[in-house]
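Heads up, the thing below is written out as structure tokens.
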Amino acid sequence: ENLAKQQAQEEFEGSGIDRYQKQSKDAAKDALKVIERLKKVAPKVNWEYDNTITDENGNPIAGKVKGNTITVNPHYAGYDTPIHEIAHILIDSMGNNKVVKKAIEQLKGTKLWDEIAGRYPLSETYTEDMLAKEVLAEAIGREGAGIFDKVSEQSKFKQYLSYIFDWFKSKLGINKNVAKSLAKQII
Numbered sequence: 094e095n096l097a098k099q100q101a102q103e104e105f106e107g108s109g110i111d112r113y114q115k116q117s118k119d120a121a122k123d124a125l126k127v128i129e130r131l132k133k134v135a136p137k138v139n140w141e142y143d144n145t146i147t148d149e150n151g152n153p154i155a156g157k158v159k160g161n162t163i164t165v166n167p168h169y170a171g172y173d174t175p176i177h178e179i180a181h182i183l184i185d186s187m188g189n190n191k192v193v194k195k196a197i198e199q200l201k202g203t204k205l206w207d208e209i210a211g212r213y214p215l216s217e218t219y220t221e222d223m224l225a226k227e228v229l230a231e232a233i234g235r236e237g238a239g240i241f242d243k244v245s246e247q248s249k250f251k252q253y254l255s256y257i258f259d260w261f262k263s264k265l266g267i268n269k270n271v272a273k274s275l276a277k278q279i280i
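Residue numbers (the working numbering): 94 to 280.
See the structure below:
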């Protein structure tokens, strides 16, 4: 495990600033710090590092989830990437939950929804449900605070986010405050 951690550290630190960086020169190091925290919070999630992961069109991506394994591309990862990817596992674990549905409804029509819909157009293989989950994962990754124009909308979304963290806590036996503070520290 220490060897894997060292390899990940070298991969992240070696990524430098280039056109692949999402956030800042420290984004890759920040992402690694977040991953290390998430490993403690969600020990059943496996993490891999791969600077060659791509989407179905061959475009490099920051991360992806398959089952309980999250693969992160250190050349594209930002500090929000690990929490975004673990949010996919969380959303899928919650299933057809009414609060998740309400949170998604809250996000419809926002700039974030439009941004993600532009990045992932609907098709026969990419459904409205997939888009909705991607938008919610992105909102959780960004911690939701800056995506709404109205303060009242922000507080409603934060209530949904709080419910999601409570659910996460009950299912995985983690402290809600740890999960919430982790999300806040990322942003």
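No residue lacks a Cβ here, since even glycine has one placed at the ideal position from N, Cα and C.
What first and last residue would you give for the alpha helix (DSSP H) that runs through residue i?
i: isoleucine 233; result: 221-234
i: glutamate 198; result: 191-200
i: glutamate 208; result: 204-212
i: glutamate 217; result: Unbroken run through glutamate 217: none, as it is neither H nor E.
i: isoleucine 182; result: 174-187
Measuring CB to CB, does residue i end up less than 9 Å from residue j?
i: glycine 156; j: valine 165; result: yes
i: tryptophan 260; j: valine 158; result: no
i: isoleucine 176; j: valine 127; result: yes
i: arginine 235; j: leucine 200; result: no
Using the beta-carbon count (16 or more within 10 Å), is residue i buried or exposed?
i: proline 167; result: buried
i: glutamate 231; result: buried
i: tyrosine 169; result: buried
i: leucine 215; result: exposed
i: tyrosine 219; result: exposed
i: glycine 202; result: exposed
By Cβ distance below 7 Å, which residues in the same chain neighbour residue i in space, the five residues on each side in sequence not counted?
i: threonine 162; result: Asn139 and Glu141
i: aspartate 148; result: Ile154
i: leucine 224; result: Ile209, Ala210, Tyr213 and Leu215
i: lysine 137; result: Asn161
i: lysine 132; result: Trp140
i: lysine 195; result: Tyr253
Along the chain, where does the beta strand (DSSP E) that runs through residue i open and close?
i: glutamate 149; result: Per DSSP, glutamate 149 belongs to no beta strand (DSSP E) and is neither H nor E.
i: aspartate 169; result: Correcting the residue type first, residue 169 is tyrosine in the shown sequence and not aspartate. No beta strand (DSSP E) contains tyrosine 169, which DSSP labels as neither H nor E.
i: glycine 156; result: 156-159
i: asparagine 139; result: 139-142
i: threonine 164; result: 162-165
Note down, in chain order, each residue of its chain lying with its Cβ closer than 8 Å to the Cβ of residue i, except the 5 sequence neighbours on either side.
i: serine 263; result: none
i: methionine 187; result: Val193, Ile257 and Trp260
i: asparagine 190; result: Trp260
i: alanine 124; result: Phe105, Val165, Pro167, Ala170, Gly171, Tyr172, Thr174 and Pro175
Of all the options the options, which has the alpha carbon lying nearest to the alpha carbon of residue i?
i: aspartate 222; options: Arg235, His181, Asp173 and Tyr256; result: His181
i: isoleucine 179; options: Lys251, Val134, Tyr219 and Asp123; result: Val134
i: leucine 210; options: Lys251, Thr174 and Lys226; result: Before going on, a small fix: residue 210 reads as alanine here, not leucine. Measuring from the Cα of alanine 210, the nearest candidate turns out to be Lys226.
i: threonine 174; options: Lys122, Lys249 and Gly188; result: Lys122
i: glutamate 198; options: Phe250, Asn144 and Thr145; result: Phe250
Give every residue of the same chain whose Cβ lies closer than 6 Å to the Cβ of residue i, excluding the five residues on either side of it in the sequence, and list them in chain order.
i: isoleucine 233; result: Ala180
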